[in-house]
Amino acid sequence: MTPQSRIRSLINRLARIDAAGGWSGSLNPAQYAALDYLARANRHSRAPSHVAEFLGTTRGTMSQTLKALARKGFVQEEPKTGDQRSISYALTAEGMALAEVPSVIGTALSGLEDRVTAALETALTDILRAALDARDGRAFGLCKTCRFHDAGPVHGYCTLLDLPLQHGDRDLICVEHKAPSDDAT
């Protein structure tokens with residue numbers, strides 16, 4: 001087995017262990033993954049299509065997953081400003097509390113030395129970027145690392161959407177993210 005095969009196997013095993021943690025309580029792994037995404041996504045990146053794209057599933061499947069989370073009281077539908085036909089989802093207090101429960105993988109990662117954590121984050125980011133490039137996927141990066149982020153105003157400003165950022169937005173996932181090194185499109 002090559003080192004690449006072993007690493008792929010380790011990543012898959014970790015993903016399955018993490019997903020299995022989603023079975024705790026009243027959520028299945030797909031619902032837990034959607035809840036986790038919504039907890040980390042900015043207000044412009046919470047449409048069912050965004051969650052589906054991030055998690056690599058269909059819009060229909062994700063729509064049903066989000067509706068189940070709404071029935072359980074973990075998320076609520078919100079009409080998008082300016083387009084009443086479009087909706088996005090926000091976590092309720094119960095959903096946020098559940099999303100903040102540490103996972104087994106998160107707990108294991110917290111035990112690593114800082115230098116190991118930094119190296120692992122860099123390596124996994126590079127792997128993810130290469131995999132996304134190979135299938136023309138979106139990065140869904142943090143606002144503060146985006147070429148359209150202007151740190152000047154109080155909480156920052158998105159020059160793509162021409163909107164001021166709210167407190168905490170710079171540390172959230174954005175569907176429109178473009179790394180400064182990405183080619184302009």
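For the sequence shown, the tail end lands on 185 under the UniProt record's numbering, and the numbers increase by one without skipping. The beta carbon of each residue, even a glycine, is placed where N, CA and C say it ideally should be. Predicted, not measured: the structure shown is a model, and the values here were computed from it.
Check                                                                                                                      : Outcome
Nonlocal neighbours in the same chain, by C-beta distance under 8 Å from V104, ignoring five residues either side          : I17, D18, G21
Reduced DSSP category for T185 - H, G, I as helix; E, B as strand; rest coil                                               : Caution is warranted here: a pLDDT of 45 is assigned to T185, below 50, making its placement in the model unreliable, and the coordinate value is therefore given only provisionally. It is coil, neither helix nor strand.
Beta-carbon contacts of E176 that lie in its chain and below 6 Å, excluding the five residues immediately before and after : L160
Uninterrupted alpha helix (DSSP H) stretches inside the segment 102-160 (no shorter than 4 residues)                       : 104-110, 114-134
A30 to H155 span [Cα, whole Å]                                                                                             : 32 Å
Inter-residue Cα distance where the pair is G95 and S88                                                                    : 15 Å
Exposure of S45, with buried meaning 16 or more beta-carbon neighbours within 10 Å                                         : buried
Collapsed DSSP secondary structure at P164 in the structure displayed                                                      : strand
Spatially closest choice to K67 from D171, N12, D114, P48, by CA coordinates                                               : P48
Separation of A179 from H167, as counted between CA atoms                                                                  : 21 Å
Continuous beta strand (DSSP E) stretch holding E77: start and end                                                         : 75-80
Rounded separation between A139 and T145 - CA only                                                                         : 11 Å
Cβ distance (whole Å) where L172 is taken to contact A70 below 8 Å                                                         : Incorrect: roughly 21 Å between the Cβ atoms, too far for contact.
Status (buried if at least 16 other CB within 10 Å, exposed otherwise) for G60                                             : exposed
G111 burial status per 10 Å Cβ neighbour count (16 or more: buried)                                                        : exposed
Beta-carbon spacing of Y37, L14 below 8 Å                                                                                  : no
Whole-Å CB distance - L91 paired with V75, under 8 Å assumed                                                               : 6 Å
8 Å CB neighbourhood of L35 in its chain, flanking five on each side removed                                               : L27, L69, F74, V75, L91, G95, L98, A99
Which listed residue (G137, C158, C174) has its alpha carbon closest to that of T57                                        : G137
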